[in-house]
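Reading through the structure tokens given below for one structure.
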Amino acid sequence: MSNQDGDTALCCSPLMRVPLTAGQSAELARVFKAIGEPVRLRLLSLIASHAGGEACVCDLTGPFDLSGPTISHHLKVLREAGVIEGERRGTWIYYRVRPETLRAVSMVLLPADAEAVTA
């Protein structure tokens, strides 16, 4: 392959990190599928932006025109994908984002050469 000046360009660049395994791809695809739905993405945003980094389920139902069971279903999907975790306190469950999951997702989206800049 050559550019307009006739110089030969490299067709392949060396790998800067190890590509995902099949298992890692399947796990990350589950996370992407969970956060790829608008209600769940908004729930994730609400939890992440809440004071103290956690939100009571009672704070998460008001912004939506959805029933409580529907919100609970979306929270369950996020929880099962490892995006959030919950802790029961009395009658309420408090949710917080799992930063290690979001870090793994963000690292996959960064180009390999960006890692050297952000590290």
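Per this note's numbering: the sequence shown = residues 1000 to 1118. Backbone N, C-alpha and C define an ideal beta-carbon position, used for all residues, glycine too.
(request) Quick one: give me the first and last residue of the beta strand (DSSP E) that alanine 1047 is part of. (result) The residue given as residue 1047 occupies position 48 in the sequence shown. Here alanine 1047 belongs to no beta strand (DSSP E); instead the alpha helix (DSSP H) covers 1037-1048.
(message) Do isoleucine 1070 and leucine 1108 have their beta-carbon atoms positioned less than 9 Å apart in this structure?
(response) Residue numbering aside, residue 1108 sits at position 109 when the sequence shown is read from its first letter. Residue numbering aside, residue 1070 sits at position 71 when the sequence shown is read from its first letter. No, Cβ-Cβ distance for leucine 1108 and isoleucine 1070 is not below 9 Å.
(message) For leucine 1045 and valine 1104, which I take to be in contact (beta-carbon distance under 8 Å), what is that distance rounded to the nearest angstrom?
(response) Position 46 of the sequence shown, counting from 1, holds the residue named residue 1045. Position 105 of the sequence shown, counting from 1, holds the residue named residue 1104. Contact doesn't hold; Cβ gap of about 18 Å is too wide.
(message) Applying the 10 Å Cβ sphere with the 16-neighbour rule, what's the burial state of threonine 1100?
(response) The count along the sequence shown starts at 1 and reaches residue 1100 at position 101. Burial of threonine 1100 is indicated by the presence of at least 16 other C-beta atoms within 10 angstroms of its C-beta.
(message) Using a 10 Å radius around the Cβ and a threshold of 16 neighbouring Cβ atoms, would you call leucine 1077 buried or exposed?
(response) As a working mapping, residue 1077 is identified with position 78 in the sequence shown. With 16 or more Cβ atoms within 10 Å of its Cβ, leucine 1077 is classed as buried.
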